[in-house]
Amino acid sequence: MSIKAEPVCYERIKVTSIPHVRKWDEVKDDEGNYIIPFVIRGFYVDDEKKLIRDAMDDIGANTCIRFRERRDEETYVEIINKEGEGCSSSLGRLPSGNRLQLEASRIGNCVTKKIVFHELMHIIGMDHEHKRQDRDKYVKIHWENIEEDSRRFFEKDNNIDTYGLPYDFYSITHFGKNEFSMDDTITIETIDKKYQDIIGEQSMPSRNDYRKICLMYGCEKCAAENKGSHTSQ
Numbered sequence: 006m007s008i009k010a011e012p013v014c015y016e017r018i019k020v021t022s023i024p025h026v027r028k029w030d031e032v033k034d035d036e037g038n039y040i041i042p043f044v045i046r047g048f049y050v051d052d053e054k055k056l057i058r059d060a061m062d063d064i065g066a067n068t069c070i071r072f073r074e075r076r077d078e079e080t081y082v083e084i085i086n087k088e089g090e091g092c093s094s095s096l097g098r099l100p101s102g103n104r105l106q107l108e109a110s111r112i113g114n115c116v117t118k119k120i121v122f123h124e125l126m127h128i129i130g131m132d133h134e135h136k137r138q139d140r141d142k143y144v145k146i147h148w149e150n151i152e153e154d155s156r157r158f159f160e161k162d163n164n165i166d167t168y169g170l171p172y173d174f175y176s177i178t179h180f181g182k183n184e185f186s187m188d189d190t191i192t193i194e195t196i197d198k199k200y201q202d203i204i205g206e207q208s209m210p211s212r213n214d215y216r217k218i219c220l221m222y223g224c225e226k227c228a229a230e231n232k233g234s235h236t237s238q
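If you count the sequence shown from 1, you need to add 5 to reach our numbering.
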């Protein structure tokens, strides 16, 4: 299949059947940070590898998550580049194997700052913001405009924990207004019109994206409390 770099193709995100997303809480470093081991198996040019690592470093600078090249850990993230497979990731830690598919080929390119950050959020355990149970207060889903095979990506998820944070239009995990549209019509309409062209257009995690990670993992220090990208409130 062909892929689109903007907006990103999400069709292959793996959602586990367990009631709660598994966190990467098995391995810590000497400072108490949680380690997510990874291996880059796919072919990427140096600039693409740097972009991936820079995104990982930015997450580490704002949270207690540290991406580290695999040593001997049994559970780790395998970063692959398969032509025609688009962009996809596991959701949280899967003991059976964790893959981060970032295509960089003549067909399409997923190695952009926006897409890499988005997929890394899923690896950490964050689902899409627009799937929150309270989303109807903030957005209207136009089911009639969504591709039939993609409607499941707009369904609410009872298992999403908001950690008491407000709805975040600036979240890197939020779909854009035309995501999976059949004919480029709006699939997600914001109740407050000032956010209509905000959703899905961010290239960096929001402050509340990082705050959510800190709350999820119980980080003692969270740089996002004092700095970061936009927040809706």
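In this text, a Cβ means the ideal position worked out from N, Cα and C, and glycines have one as well.
Separation of residue j from residue i, as counted between CA atoms
i	j	result
V116	S101	25 Å
F158	Y215	23 Å
W29	Y39	7 Å
R76	S155	37 Å
N163	E31	25 Å
L194	K161	Contrary to the premise, residue 194 reads as Glu rather than Leu in this sequence. Rounded to whole angstroms, E194 to K161 spans 16 Å at the Cα level.
C227	D51	30 Å
A60	P42	15 Å
G65	E79	22 Å
Y49	D34	28 Å
I120	S208	8 Å
N150	M187	6 Å
G169	M221	11 Å
I112	L56	19 Å
T68	D189	36 Å
K118	R104	18 Å
S94	K199	31 Å
E206	H135	14 Å
E3	N114	Examination of residue 3 is not possible in this model, given that the chain is present from 6 through 238 alone.
K9	D202	Low local confidence applies: a pLDDT of 38 at K9 is under 50, so the model's placement there is unreliable, with the coordinate-based value given in what follows. So the alpha carbons of these two residues sit roughly 19 Å apart.
Q106	R58	15 Å
E74	M131	21 Å
Pair within 8 Å by beta-carbon distance, residue i and residue j
i	j	result
C92	E53	no
I240	R137	Past the edges of the chain, shown from 6 to 238, lies residue 240, and the structure says nothing about it.
F185	I204	no
P210	F72	no
F180	H133	yes
R192	K182	Reading off the sequence, residue 192 comes out as Thr, not Arg. A contact, by the Cβ cut-off of 8 Å.
K87	E108	yes
E225	G89	no
V26	Y81	no
Integer Cβ distance of residue i from residue j, believed to fall under 8 Å
i	j	result
H127	L99	The Cβ separation is near 11 Å, so there is no contact.
I84	R46	7 Å
Y172	R140	7 Å
I196	K145	7 Å
Complete runs of the alpha helix (DSSP H) confined to the region 34–103 [at least 4 residues]:
At a cut-off of 4 residues, the continuous stretches assigned as alpha helix (DSSP H) that sit fully inside the region 34–103 are 51–67.
Start-end ranges of the beta strand (DSSP E) lying completely within the region 181–208, minimum 3 residues:
Those beta strand (DSSP E) runs which fall completely within the region 181–208 and span 3+ residues are 193–195.
Let me know the alpha helix (DSSP H) ranges lying completely inside the region 110–183, each 4 residues or longer, listed in chain order.
Inside the region 110–183, DSSP marks whole alpha helix (DSSP H) runs of 4 or more residues at positions 118–129, from first to last along the chain.
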